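Input: a single structure, listed below in C-alpha cells.
2 protein chains.
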Amino acid sequence: MTEATMRGKQPSMADVARAAGVSAQTVSRTLRDSPNVNAETRRRVLTAVEQLRYRYNGAPRLLSSGRSFTLGLVLLQSGGYYSRSAVTAGVEAAAGQAGYSVSIATIAELDTAMMEKSLLKLSDQGVDGIVIAVPLISVTQRMEDITRDIPTVTVDGSRTTGARVLGIDQHEAGRMATQHLLDSGHRQVWHVAGPDEWIEARQRRQGWQECLTAAGIDAPPALEGDWSPESGYRQGQILAMIPEVTAIFVASDEMAFGVIRALRERGRSVPADVSIVSVDDIELAAYCHPPLTTVRQDFYRSGAAAVALLLGTEDAGESGAQPSLIVRESTAAPRSR
Amino acid sequence: MTEATMRGKQPSMADVARAAGVSAQTVSRTLRDSPNVNAETRRRVLTAVEQLRYRYNGAPRLLSSGRSFTLGLVLLQSGGYYSRSAVTAGVEAAAGQAGYSVSIATIAELDTAMMEKSLLKLSDQGVDGIVIAVPLISVTQRMEDITRDIPTVTVDGSRTTGARVLGIDQHEAGRMATQHLLDSGHRQVWHVAGPDEWIEARQRRQGWQECLTAAGIDAPPALEGDWSPESGYRQGQILAMIPEVTAIFVASDEMAFGVIRALRERGRSVPADVSIVSVDDIELAAYCHPPLTTVRQDFYRSGAAAVALLLGTEDAGESGAQPSLIVRESTAAPRSR
DNA sequence: GCAGCCTATGTTACCCGTGCCATTTCTAAC
DNA sequence: GTTAGAAATGGCACGGGTAACATAGGCTGC
Chain A
1 MTEATMRGKQ
11 PSMADVARAA
21 GVSAQTVSRT
31 LRDSPNVNAE
41 TRRRVLTAVE
51 QLRYRYNGAP
61 RLLSSGRSFT
71 LGLVLLQSGG
81 YYSRSAVTAG
91 VEAAAGQAGY
101 SVSIATIAEL
111 DTAMMEKSLL
121 KLSDQGVDGI
131 VIAVPLISVT
141 QRMEDITRDI
151 PTVTVDGSRT
161 TGARVLGIDQ
171 HEAGRMATQH
181 LLDSGHRQVW
191 HVAGPDEWIE
201 ARQRRQGWQE
211 CLTAAGIDAP
221 PALEGDWSPE
231 SGYRQGQILA
241 MIPEVTAIFV
251 ASDEMAFGVI
261 RALRERGRSV
271 PADVSIVSVD
281 DIELAAYCHP
291 PLTTVRQDFY
301 RSGAAAVALL
311 LGTEDAGESG
321 AQPSLIVRES
331 TAAPRSR
Chain B
1 MTEATMRGKQ
11 PSMADVARAA
21 GVSAQTVSRT
31 LRDSPNVNAE
41 TRRRVLTAVE
51 QLRYRYNGAP
61 RLLSSGRSFT
71 LGLVLLQSGG
81 YYSRSAVTAG
91 VEAAAGQAGY
101 SVSIATIAEL
111 DTAMMEKSLL
121 KLSDQGVDGI
131 VIAVPLISVT
141 QRMEDITRDI
151 PTVTVDGSRT
161 TGARVLGIDQ
171 HEAGRMATQH
181 LLDSGHRQVW
191 HVAGPDEWIE
201 ARQRRQGWQE
211 CLTAAGIDAP
221 PALEGDWSPE
231 SGYRQGQILA
241 MIPEVTAIFV
251 ASDEMAFGVI
261 RALRERGRSV
271 PADVSIVSVD
281 DIELAAYCHP
291 PLTTVRQDFY
301 RSGAAAVALL
311 LGTEDAGESG
321 AQPSLIVRES
331 TAAPRSR
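Chain order of the listed sequences is A and B. Here the first sequence stands for residues 1 to 337, where the numbers follow my numbering. Here the second sequence stands for residues 1 to 337, where the numbers follow my numbering.
Put into C-alpha cells, the structure is as follows:
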C-alpha cells in the first residue's frame, strides 16, 4: 500500500532499504557482495529485494562513474556463421565472468560507413570497450575518432592506431594447409582466397605463397571469393577448366563446399582428380562428401582472449590457440601420370 | 585549457553552455530542435558543440525514465549456427530501428538451470524486454518469476504463462516436406526429428505425422537427434539398415548432412535409393552433394517480428513468413521394383 | 581504562540531461 | 500608455546507485 507499490514504477534501492530497515548504501553493498555486511542484515536485504521484486538499474552508475560494465561486439551479419557464433560465445563467456554484459551491433555489409554507424551506436550506449569481430583493413579517420576514448580490440584484424589487435596465426594456417598438399605429392597448389579486405584472408594467402616459395614453386595467381559457398562455386568453375589443377587450398570451409560442387559438375572428382584443403573445421566439414581436410581454429578462445585483452585480465600472451590440421578425405596423392 | 579540456572526460552540456555563453537548458533545447530558440543562439551553440566535440549522453535520460532501452537476447551456444545468426541479425536490426540496443546471453546447453541463470543475468542488467531464441518447452516456476515483470517473447517456443510466443508455422513445414516425398511416389516417409524439448521439432513431427495419416499411411516410429550433424549420422546408420526405407524427412539441414553420410557409407545412394527432405535451407544446402531439397524459413524475419511483438510496434499479425519448399537433388521417385 | 583498529552502517554529494516554473524582453492590440 | 500574450532564456530539482567520508560499536593488547 506504499506509494512505490501503487505506482507502476520499479522499486529503487531506497525502497528496498526502507523495507529492510537499513540505508540504501547497505543495500548497494549487499547486492555487490561487499565484504563488510552482517549476515543477518544481508538476509533481511535479500528478503526485501525478493518481496519488492527489485531490479538493478545500471543507469545511475553509468551516469556517475561513466562505466557501464557493458562491452560492445561488432559482427558482420552474413557469412562465416560458424566462426561468428563461436567468437560471440567466447566473448560473452569471458565478459560474463568479469561481470560485463555484451551488447551487439551487427553490420549488414563490410563497409566503412556502416562500421562507423555501429561504432557510434555502441559509443552512444556508453560501452566500456569494443570487440570488433569484423576484420576490416581500411580504417577511416572517423572510426579512429570514435574509438579514441574507448578501448578497442579487433579480432584478427588490423587497425592503424590505438586499438589492439588479437592475431590468430592465420599465416600458419595457410602454411600448414599448403604444406600438407605438397607432402601428399602435389607439385603445385592453387588458392581460393577470402576478400582482400580481411586480414585473415591476406594472412592465409601469404602463408600459402611463402610455403610454395620455400618449396621452390612459383605460386599461381590466387582467386578471390567473399567467404560464401556461392563465391567458391564461381571460382571452382574457373579452376575446373584448368587441367593441371590437382590441389587447391581454399580459405574457408564454406567456400570449399562451393569449389567441390563446381569441380564435380565439371566431372572432376575430389580427391581423385583434385585435392582440397580448407580452413575452419565447421561442424559440417566432417559430414559432407567427401569429408573435408581442414585447418581447425579455436574461435571461442579467440573471443575470450579478445575480452581478456580488453579488460587487461589476460593471464599471459599465449592467448591465441594454435591451428591444427584435421586430415579427412578431401585430399589424396595426385593421380600418377 | 579549461578543466574539461584537460581531463580525459567527455564534455557535458554544461561545458558547451559555458563555451556558447548560454545555459545548459538552452543547449538541450537546441539539440532537441525545440521551437523557441533564437537562430543566432542556435548557431553559437552548434559551433560550441562542434568545437568541444560534444557527444550526447543518454544515461541521464535513462535514469529519469527508468528504462534502459536495451533488449536481452537468449541464445544457445551450439548448433543451428545459421538460424541463430539470422535471428540475431533480425532482432538487432528491428531493435536498432526502435532505438533499442541488444544485450546477449548465451547458454552452453539446453538446460533449465542455465536458462534461469541467463534470464536472471539479463534481468539484473535491467533490460526492457527479452527475446528467447531457445525454444525450451519445460519452463520452471523460477523462470516465470523472473520474467513476470519483463515482457518476454519466445521465438518458436512455448511458455506456459505471460510470455508471448511467436510461432513460425513449423507444422506446415513438416507437412510440405512429407507431402513432397509422397508426391514423388514414395509409399512411406521416415523421420529424424529434433529434440522433443523444442517445440519446432515437435511441430515438424506433427506435420509429418498428420500428413501421413491423411494419406492413409501408418507413420513409422520417429528417430530423434539433437540438431547436430553427428546425431543425424547416428540415426542415419540405423535407417541405413532398414531396407524398406526409401524416403526420410529430416528436421534440419545440418542433421540431413549426417544422415546422408551414414547412408552413403552403407552403400545407399541419395537420391537413387533414398530421398531426403529437410528444413532450414542453410547456405550450404545448395552446395553439398547432393544439393538438399529443403523447406526454407525466414529466420531474420522471425527475429524482427519478435522484437515488434515485444515493443508493440508490429504492423500486423502476419509477421511470420510462410515456409517454402526448395526442390533440389536429394529427392527422386523411388526405384521401381 | 584507554589507545588503536576493525567492522558495520549511515550521510552526503555527485554524475548530467530535462521537466517545470520563473523571469525577462519584445510585440500586438485596445 | 497600458495590458495580454508570446518568445527566449535561465534556475532548480529530480532520478538512483555509489564513492568518499563520518560515525558508532566492539575487540585486542598493555
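Just so you know, even glycine gets a beta-carbon here, dropped at the ideal spot from N, CA and C. Since the model is a prediction, treat every value here as computed from it, not as a measurement.
> If contact means a Cβ-Cβ distance below 9 Å, which residues of the segment 43-56 of chain B contact chain A?
Replying inline: Taking 9 Å as the cut-off between beta carbons, the residues of the segment 43-56 of chain B near chain A are ARG53, ARG55, TYR56, in sequence order.
> Residues of chain A with CB under 7 Å from ALA59 of chain B, in chain order?
Replying inline: Result: ALA59, LEU62, LEU63, GLY126.
>> DSSP three-state label for LEU257 of chain B, please.
In response: Position check: residue 257 of chain B holds Phe in this sequence, whereas Leu was assumed. In the structure shown, PHE257 of chain B falls within a helical segment according to DSSP collapsed to helix, strand and coil.
>> I want to know whether the segment 276-287 of chain A touches the segment 244-260 of chain B - three or more CB-CB distances under 8 Å.
In response: Taking 8 Å as the limit for Cβ pairs, the verdict is that the segment 244-260 of chain B does touch the segment 276-287 of chain A.
> Rounded to a whole number of angstroms, what is the C-alpha to C-alpha distance between VAL87 of chain B and ASP196 of chain B?
Replying inline: Straight-line spacing of the CA atoms in VAL87 of chain B and ASP196 of chain B works out to 21 Å.
> Hey, quick one: how far does the beta strand (DSSP E) through HIS191 of chain B stretch, first residue to last?
Replying inline: Taken as a continuous stretch (DSSP letters only), the beta strand (DSSP E) holding HIS191 of chain B covers 190-193.
>> Taking 7 Å as the limit between beta carbons, can you name the residues of its chain near SER83 of chain B, skipping five residues before and five after?
In response: Here the set comprises ASP280, PHE299.
> When DSSP labels each residue in this structure, what does VAL277 of chain B get in the three-state scheme?
Replying inline: Three-state DSSP puts VAL277 of chain B in a strand.
> Thinking C-beta only, is HIS186 of chain A closer than 8 Å to SER275 of chain A?
Replying inline: Closer than 8 Å, so yes.
> What is the residue span of the alpha helix (DSSP H) that LEU46 of chain B lies within?
Replying inline: For LEU46 of chain B, the enclosing alpha helix (DSSP H) covers residues 39-52.
> Out of B:GLN77, B:ALA20, B:ARG42, B:ARG32, which has the shortest C-alpha to C-alpha gap to GLY52 of chain B?
Replying inline: Looking at the sequence provided, one finds Leu at residue 52 of chain B rather than Gly. Considering only alpha carbons, the answer is B:ALA20.
> Using a C-beta cutoff of 8 Å, does THR161 of chain B count as contacting chain A?
Replying inline: Confidence at THR161 of chain B is low in this model, with a pLDDT of 42, below 50, so the placement of that residue should be treated as unreliable; the coordinate-derived value is given next. Chain A, which has no Cβ nearer than 8 Å to the Cβ of THR161 of chain B, makes this no.
>> Using CA atoms only, rank isn't needed, just tell me which of A:GLU50, A:SER123, A:TYR56 is closest to VAL74 of chain A.
In response: Closest option to VAL74 of chain A, Cα to Cα, is A:SER123.
> In chain order, what residues of the same chain have a beta carbon less than 8 Å from the beta carbon of ALA316 of chain B, not counting five sequence neighbours either side?
Replying inline: Unreliable placement is indicated for ALA316 of chain B, whose pLDDT of 45 sits below 50; no coordinate value is reported for it.
> So, is the C-beta of GLY258 of chain B closer than 8 Å to a C-beta in chain A?
Replying inline: So yes, GLY258 of chain B belongs to the interface.
> Using a Cβ-Cβ distance under 8 Å, would CYS288 of chain A count as near chain B?
Replying inline: With respect to chain B, the C-beta atom of CYS288 of chain A has a partner C-beta closer than 8 Å.
>> Closest to ALA240 of chain A by C-alpha separation, out of A:ASP253, A:HIS191, A:ILE217, would be which residue?
In response: Of the listed residues, the one whose Cα sits closest to ALA240 of chain A is A:HIS191.
>> On a Cα-Cα basis, can you pick out the residue from B:ALA94, B:ARG55, B:GLU40 that is closest to MET13 of chain B?
In response: The residue with the shortest Cα to Cα distance from MET13 of chain B is B:ARG55.
>> Please classify GLY99 of chain B as buried or exposed, where buried requires at least 16 neighbouring CB atoms within 10 angstroms.
In response: Exposed, by the Cβ-count rule.
> Taking buried to mean at least 16 other C-beta atoms within 10 Å of its own C-beta, is ARG148 of chain B buried or exposed?
Replying inline: By the Cβ neighbour-count rule, ARG148 of chain B is exposed, with fewer than 16 other Cβ atoms within 10 Å of its own.
> If the cut is a Cβ gap below 8 Å, which residues of chain B does THR106 of chain A touch?
Replying inline: Chain order gives the chain B residues near THR106 of chain A as THR88, ALA89, GLU92, ALA93, where near means a beta carbon separation below 8 Å.
> By DSSP, does THR424 of chain B sit in helix, in strand, or in coil?
Replying inline: Since the first residue of chain B shown is 1 and the last is 337, residue 424 of chain B is not available in this structure.
> Buried or exposed: which applies to VAL295 of chain A, given that a residue is buried once 16 or more other Cβ atoms fall within 10 Å of its Cβ?
Replying inline: A residue is called buried when at least 16 other Cβ atoms come within 10 angstroms of its Cβ; VAL295 of chain A meets this threshold and is buried.
>> Looking only at its chain, what residues have a beta carbon closer than 7 Å to the beta carbon of VAL127 of chain B, apart from the 5 residues adjacent to it on each side?
In response: Setting aside the 5 residues that flank it on each side, VAL127 of chain B is surrounded in the same chain by SER68, THR70, LEU71, GLY72, SER103, ILE150, each with a C-beta closer than 7 Å to its C-beta; the list follows chain order.
> With a cut-off of 8 Å, does the C-beta of VAL102 of chain A fall near any C-beta of chain B?
Replying inline: So, interface residue.
> Given that ARG261 of chain B touches chain A, what residues does it touch there, using C-beta distances under 9 Å?
Replying inline: Neighbours of ARG261 of chain B across chain A, judged by C-beta separation under 9 Å: ALA286, TYR287, CYS288, HIS289, PRO291.
> How about ALA4 of chain A: is its C-beta nearer than 8 Å to some C-beta of chain B?
Replying inline: Residue confidence for ALA4 of chain A is low, a pLDDT of 34 falling below 50, so the modelled location carries little weight and cannot support an answer.
> Are the C-beta of SER275 of chain A and some C-beta of chain B separated by less than 8 Å?
Replying inline: Answer no: the Cβ-Cβ gap between SER275 of chain A and chain B never drops below 8 Å.
> Under the three-state reduction of DSSP, which class applies to GLY380 of chain A: helix, strand or coil?
Replying inline: This structure cannot speak to residue 380 of chain A, because chain A is shown only from 1 to 337.
> Taking Cβ-Cβ distances shorter than 7 Å, what residues in chain A pair up with GLN77 of chain B?
Replying inline: Chain-order list of chain A residues neighbouring GLN77 of chain B: ALA89, by C-beta distance under 7 Å.
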